[in-house]
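Under the numbering used here, the first residue of the sequence shown carries the number 23, and numbering increases by one thereafter.
All C-beta atoms, glycine included, are put in the ideal place defined by N, C-alpha and C.
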Amino acid sequence: MKNELNRNYSEVTEFILLGFRTPPKLQILLFLVFLLIYMVTVVGNISMIIVIKMDSRLQTPMYFFLRNLACLDLCYSTVISLKTLANFLTNEKKISYNGCATQFFFFALFVTTEGFLLAVMAYDRFSAICSPLLYPVHMCQKVCVWLVTGSYICGSINSIVQTSSTFSLHFCGENRLDHFFCDVPALINIACDDTYVNEIVLFFLSALIIITTTTVILVSYAYILSTVLKIPATHGRSKTFSTCGSHIAVVSLFYGTVFFMYAQPGAISSPEQNKIVAVFYTLVIPMLNPLIYSMRNRDVKDAMKRILCRK
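Here it is in structure tokens:
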């Protein structure tokens, strides 16, 4: 049906991001809230990167991955936040066709890469706790670099497939996106073509990525739990669990929202609900991650104190 509708309309060259349908006064309030969230995100993640880089005691695989996680959080939050903040201050909330494709490409790249990186971090904790003697071999610098590189490769493949699939659709006549950034569900809703295949591709790729990465995480923590329960001392158990607590919290927040957003067939049909969930995983989670790791991790807190004392 869709390919028969709007056949005579010209192809769109720009999109209008409807964003949050609120009165003008609330737009200013939302701008200030989003600006505050983004500023905390920038300060928190840059601080995490600097602390890990400067402190020699944090030059371990775990913190190498954490530094990369902070970079990803900073990048994909920036991809979304800057345009969103600008749109709060303008009446014409436009984004060009190429700008929309670029925004979605980098967003998909960074978010997918983060999902794989969280799985890598679970494997790192598994190696450290279950095979401590072989840990320096299993997680040497070369292996760590390859694991991060592999995460980016997987993110790039998904991003290329999703972007090419979505922007191969024809958008004619209707160019208003019921979202605050260029995302697949909103784009599919206004396409002229039959989008059944695109919805299947979105669901299949999202489910494949989530199932693959969560399997690695769940298996890793199953072995970790089995190993920790064999530790006789209660203090030893709590210390071991504390090194995993931050990662578990971050994984729960990230995968919970991503699964709700993309890995269920009905997600595309509820734009208002999607916008609320999208705010959480595009803006709130990148802000919370460095706070979770800094508050729950004694090594990071001690490193911050040492750096501040030097000054």
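Please report how far the alpha carbon of residue i lies from the alpha carbon of residue j, in whole angstroms.
| i | j | result |
| --- | --- | --- |
| F138 | L240 | 13 Å |
| H201 | I253 | 50 Å |
| V65 | N109 | 23 Å |
| L275 | V101 | 20 Å |
| V299 | R320 | 31 Å |
| V322 | V170 | 21 Å |
| I182 | F127 | 7 Å |
| N296 | A271 | 22 Å |
| F203 | T185 | 14 Å |
| R147 | G278 | 21 Å |
| D215 | S118 | 20 Å |
| V34 | I210 | 14 Å |
| S153 | V273 | 22 Å |
| I246 | V306 | 29 Å |
| F180 | I212 | Contrary to the premise, residue 180 reads as Asn rather than Phe in this sequence. Using only the alpha carbons, I get a separation of about 22 Å. |
| S78 | L111 | 44 Å |
| R198 | I68 | 35 Å |
| P83 | C331 | 25 Å |
| L91 | Y85 | 9 Å |
| T217 | F193 | 12 Å |
| L48 | I314 | 30 Å |
| E221 | K105 | 26 Å |
| V250 | S268 | 17 Å |
| I151 | T234 | 22 Å |
| R43 | S248 | 50 Å |
| F302 | G172 | 26 Å |
Please work out which residues of its chain come closer than 6 Å, Cβ to Cβ, to residue i, disregarding the five sequence neighbours upstream and downstream, and give them in chain order.
| i | result |
| --- | --- |
| S149 | Y157, H160 and M161 |
| M326 | V73 |
| T188 | V206 and L209 |
| S242 | A144, Y145 and F148 |
| T63 | S99, P308 and M309 |
| Y174 | T135 |
| D95 | N67, P308 and N311 |
| C166 | P83 and F86 |
| S316 | V322 |
| T304 | I102 |
Can you tell me where the beta strand (DSSP E) holding residue i begins and where it ends?
| i | result |
| --- | --- |
| E36 | E36 to L39 |
| I117 | K116 to S118 |
Can you tell me whether DSSP reads residue i as helix, strand or coil?
| i | result |
| --- | --- |
| C162 | coil |
| E196 | coil |
| K75 | helix |
| S190 | coil |
| I290 | The predicted model places I290 with a pLDDT of 48, which falls under 50 and marks its position as unreliable; any figure quoted below should be read in that light. In the structure shown, I290 sits in a helix (DSSP, three-state: H, G or I). |
Which residues mark the beginning and the end of the alpha helix (DSSP H) in which residue i is found?
| i | result |
| --- | --- |
| A244 | Y218 to V250 |
| T106 | P83 to F110 |
| N211 | V206 to I212 |
Cβ-heavy atom distance between residue i and the ligand ATP below 6 Å?
| i | result |
| --- | --- |
| A208 | Here there are no bound small molecules, and the ligand ATP is not part of this structure. |
CB-CB under 7 Å to residue i, same chain, minus the five flanking residues each way: which ones, in chain order?
| i | result |
| --- | --- |
| V238 | A141, A144 and Y145 |
| S178 | L131 |
| C97 | F132 |
| I231 | T134, G137 and N180 |
| C93 | I71 |
| T236 | Y277 |
Considering only residues of the same chain and omitting the five flanking positions on each side of residue i, which have a CB-CB separation below 8 Å?
| i | result |
| --- | --- |
| L107 | F53, F56, L57 and Y60 |
| K115 | I38, L39, L40, G41 and N109 |
| R89 | M70, I71, I74 and K75 |
| W168 | none |
Item to check | Three or more C-beta pairs below 8 Å linking the segment 50-59 and the segment 128-144 | outcome: Proximity of the segment 50-59 to the segment 128-144 falls short of the contact definition, fewer than three beta-carbon pairs being nearer than 8 Å.
Next on the checklist: Taking contact to mean 3 or more Cβ pairs, one atom from each stretch, closer than 8 Å, check whether the segment 32-47 and the segment 116-123 are in contact.
Outcome noted: Contact between the segment 32-47 and the segment 116-123 is present: 3 or more CB-CB pairs across the two stretches fall below 8 Å.
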